[in-house]
Amino acid sequence: MKNLCIFRLRDATVALALIVSPLLASAPAMAQDGPGNKPEIMAPMHEAKPKVASTSFTVRLGDKSITISPAEFATLPHETVAVTNGHTKAAETYTGVTIATLLDKLGLPFTKTNEHTLLKTILVAEGTDGYKVILSTYETLATIRGKKAIVADTLDGTHLDKDGAFKLVIPGDSRPQRWVQNLKSLTFKTVE
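Per mature numbering (1 follows the signal peptide of the UniProt record, and there is no 0), the sequence shown runs over residues -31 to -1, 1 to 161.
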C-alpha cells in the first residue's frame, strides 16, 4: 500500500511539472516588463479599422432589432449629462437618448417586473471601426451609479461630427475607454 501511495504521488508530481513548466518557460519574457522594457508577449487590445462616420445605429434584443436614423433619433426623448472628459479634463455636456428609452422601444421597459432580466443582460456596443465594449445593462440604467448612460447626438449644443452621428457616453467613468464613437450597434444579450 505504501508503494502504491508513493507511485501515485510521483505521478501527480510529474503531471504537475508538465503543466507548470510551459508557464515557467514564459516567465523570463514576462519578467522583462518594467521601466524602459516592453513586454514581449503583449498584443494590442484593439487594432482600429479606419474611422467611418456613423450615420445610423442598430439596437438588437433577441430576435428584435431596430435601426435608428438621426431623424428618428431626434423624435425620441432626450436627456443631458455633464461629464469631465478623462483625456482632456474638459467639462463637456452631452445630450442624447438613455439606454432605458432604447430598451423600451424593443419591448423591455425598465420596470420592477423586468428587473431580474435586466440584471442578467449584457450590452455589447460596437463602433464602425470594430471597437467593442461590454457593459452590464443594469449599470447603464442609473440604478447603481446614479448616472444614466446615453447614446449622444450632441456635444455642448452642437451635433457630433468627428465622432459620427452617435456616441455611447458613460457618465461617471474616470476615463472614457468604454465610450464608443461612431456607434454602429447596441446588442443586448440575456445570460441564462
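Cβ atoms here follow ideal geometry from the backbone N, Cα and C, with glycine treated the same way.
As the structure is a computational prediction, the values presented were derived from the model and not from experiment.
- Non-local beta-carbon contacts of K116 in its own chain, meaning distances under 6 Å to residues more than five positions away in sequence, involve P140, G141 in chain order.
- DSSP places K136 in the uninterrupted beta strand (DSSP E) bounded by 136 to 138.
- Put simply, of T64, I91, A59, S154 the residue whose alpha carbon is nearest the alpha carbon of E161 is I91.
- Closest option to L30, judged by alpha-carbon separation, among T86, V102, K136, A118: T86.
- CA-to-CA, the gap between G76 and F157 works out to about 12 Å.
- In this structure, the alpha-carbon of Q146 lies about 19 Å from that of A111.
- Assigned with DSSP and collapsed to three states, Y100 falls in coil, not helix or strand.
- In this model, L129 and T106 are separated by some 24 Å (Cα to Cα).
- Per the C-alpha coordinates, the member of H56, E84, G65 positioned closest to F42 is G65.
- Excluding residues up to 5 positions away in sequence, Y63, I119, A121, W148 lie with their Cβ nearer than 6 Å to the Cβ of V138 in the same chain.
- In the three-state reduction of the DSSP assignment, E84 falls in the helix class.
- Exclusion of the five residues before and after T49 leaves T62, Y63, T64 as the residues of its chain whose Cβ lies within less than 8 Å of its Cβ.
- Between the beta-carbon of F26 and that of L124 there is about 17 Å, and that puts the pair past the 8 Å contact cut.
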